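Protein chains in written order, with my numbering: chain A, 1 to 265; chain B, 1001 to 1251. Beta carbons are placed, not taken as given, at the ideal position from N, Cα and C, and that holds for glycine. Here the structure is a predicted model, which is why all the values come from computation and not from measurement. Shown next, in structure tokens, is the structure this report addresses.
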Amino acid sequence: MTLASRHRFAIADMREGLRLWRLAWSLAWLDIRLRYRGSMLGPFWLTISTGVMVASLGVLYSALFKMSLREYLPFLALSQVLWAFLATQVSESCAVFTEAEAVIRSVRMSFFMFAIRILMRNVLVLAHNICVIVAVFLFLRIWPGANALVVVLALPLWIANALALSMLLGGVCARFRDIMPIVNSVMQIAFFLTPVIWKPEQLGVHARWLPLNPFFDLLEIVRGPLLGEIPPLSIWAGALGYSAVLCGLSWGFFLRARGRIAFWM
Amino acid sequence: MTVGTMIEVQDLSLLFPLYHGNSRSLKKLLIAAASGRLAEDKQHRVMVRALSGINFSLKSGERLGLIGSNGAGKTTLLRVLAGIYEPVTGTVRVNGTLNALLDPSLGMNLELTGRENILLRGLYNGLSKPQLKALEDDVIEFAELSDFIDLPVRIYSAGMVVRLGFALATAIRPQILLMDEWFLAGDAGFLEKARRRMEEMVRSADTFVLSTHNNAILIEWCTRALWLDKGRIRADGPVRDVVARYVDASS
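Rendered as structure tokens:
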């Protein structure tokens, strides 16, 4: 197959996936419904557990780090909720195609549609967790101000990265079934190496190395504006650079793998 | 492709890579790469030649039956026609809407309600909103689920599950219908109503491809037969001739 036709097929797959957004949405919605079927509060259990976690960690770590609750709690609430989204997005990306094995083997279906499904599913979960952030901001009477609007610039980057990640990890994990545990342990390490619980300032002079961590850049372009700060250019450069690399890798991989994924099921 | 041709297959070959237990693990690949055996490992990857040198074309109105022993490549050929497996060499051209009944469980999630299952099946087939409504009405009516439609399929009786699955599979009428033999399994006791519905669907399809071991059904429903043997075409012609040769050869 020529490279041009590979590109054509890959673009057609993405188009078809976008056209089937209603299917992706229904699948995502039913995934959530199924997860919580029979439970009274449903996905709001997530809100509660995130809330309890943020409240207890907030009290503990503000004491450990000798920061005021007012200074630390909004940071922690944002970090926790955003990181939970990011980490689930990464780990669920590994199963994006394998969990749909029965469908992939029985109909011709856009692979991109499954990536959209995972993203929509996690956005639904995120929407429930956002309640915790709102509650913290209301409780402390904090208002991020107009700078929060900068977050609009970060959203397309998050969406593109989430989809690219699903297409890449989903395919690689379908081919090599032992990538998934590796990804999960990398994410665990990343959680500690990224300023989620601790604040970047606490690193002192070493903080200038933080933009090398892709998770930090991506987290900061959303968290910073919501805390009322505009992230510096170095962080934007990092976020854009890493996103370009991820999207490029993902596209290159999908060009090669698209016709093979069905055989890997 | 000439006018009226629905499916055209030229020089189709399909190598099926077998990724069993060990060969798909990263460890093995890394070790092989570290010891410089990657290339060799690649050559030694187990490949099954599932189909080779397949040539045929189907015109509008033709009904093709695929026969051959187990492992001859019948289901694989159906999957290639359905666009699930992409051929390594050769081309497959399909002209028209296509529905493949390959897996009875497609879209049937036991935890979801009957209505949700119907919705998903419709969406998988890219139906529009009004079509979705029509599909729902049609399936609920045929499957006689009335009050159960909003309960999870898990609590349905076995009969209800069969009726729902069957109604779903036969509700979407494509121009090209591909059907695997599971669909005919145990149809001896099948309701006359179900049989009528299936025959109606087969008749309303413009072009039909069936893979089966049941020669009686084959002769009844198909006009032409393709005898596959170890991934190659052994015979292609009018259904009665090919079935007769196949029966002779296997007895």
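- Sixteen is the threshold: since fewer than 16 other Cβ atoms of the shown chains lie within 10 Å of the Cβ of E71/A, the residue is exposed.
- Nearest Cα to V54/A within the set S68/A, L78/A, L64/A and Y36/A: L78/A.
- Taking a C-beta cut-off of 7 Å against chain A, the contacting residues of the stretch 1114–1139 of chain B are E1116, L1119, L1120, L1123, Y1124 and G1126, listed in chain order.
- By the CB criterion at 7 Å, H128/A and L46/A fall inside the cutoff.
- With a 10 Å radius around the Cβ and a threshold of 16 neighbouring Cβ atoms, A237/A comes out exposed.
- Within chain B, the residues whose beta carbon sits less than 9 Å from that of L34/A are N1109, E1111 and L1112, listed in sequence order.
- Against chain A, a Cβ distance below 7 Å from G1053/B picks out nothing, because the smallest value is about 19 Å.
- Contacts with chain B (Cβ-Cβ distance below 9 Å) from the stretch 79–102 of chain A involve A102, listed in chain order.
- If you draw a straight line from the Cα of F1148/B to the Cα of M1160/B, it comes to about 9 Å.
- Listed along chain A are R260, F263 and W264, each with a C-beta nearer than 9 Å to that of P1017/B.
- Looking at the DSSP output, Q188/A sits in no beta bridge, so it has no partner there.
- Between E1116/B and the set I1140/B, G1096/B and D1103/B, the nearest pair of CA atoms involves I1140/B.
- With a threshold of 7 Å between beta carbons, I1007/B makes no contact with chain A.
- In the three-state DSSP reduction, V1209/B falls in the strand class (E or B).
- At a cut-off of 7 Å between beta-carbon atoms, I1084/B makes contact with chain A.
- Between the alpha carbons of L76/A and W83/A lies a gap of roughly 10 Å.
- Residue pairing from DSSP places P1238/B in a beta bridge opposite R1224/B.
- Secondary structure at V1009/B: strand, using DSSP grouped into helix, strand and coil.
- Per the DSSP secondary-structure output, N1099/B pairs in a beta bridge with L1177/B.
- Under the DSSP definition of a beta bridge, P43/A lacks any partner.
- Between P74/A and L140/A, the beta carbon gap of about 6 Å places them in contact (Cβ cut-off 8 Å).
- The alpha carbon of F85/A has as its nearest neighbour, out of Y61/A, L124/A and A63/A, the alpha carbon of L124/A.
- Distance from the Cα of S106/A is smallest, within the candidate group D1229/B, Y1085/B and T1097/B, for Y1085/B.
- For the stretch 1089–1164 of chain B, the continuous beta strand (DSSP E) assignments of 3+ residues that do not extend past its boundaries occur at 1089–1094 and 1098–1101, in sequence order.
- Rounded to whole angstroms, the separation of the alpha carbons of N213/A and G1065/B is 59 Å.
- For the 7 Å CB-CB criterion, D31/A and R121/A form a contact.
- For M167/A, the enclosing alpha helix (DSSP H) stretches over residues V151 to R175.
- Taking one beta carbon from each stretch, the stretch 1045–1057 of chain B and the stretch 1070–1088 of chain B have 3 or more pairs nearer than 8 Å; the two touch.
- In the same chain as R6/A, and ignoring 5 residues on each side of it, the C-beta atoms closer than 7 Å to its own belong to L255, in chain order.
- Neighbourhood of R22/A in chain B, by CB distance below 8 Å: L1123, in chain order.
- The straight-line gap separating the alpha-carbon atoms of Y242/A and Q80/A is approximately 22 Å.
- The stretch 93–109 of chain A and the stretch 172–179 of chain A touch, with three or more beta-carbon pairs separated by less than 8 Å.
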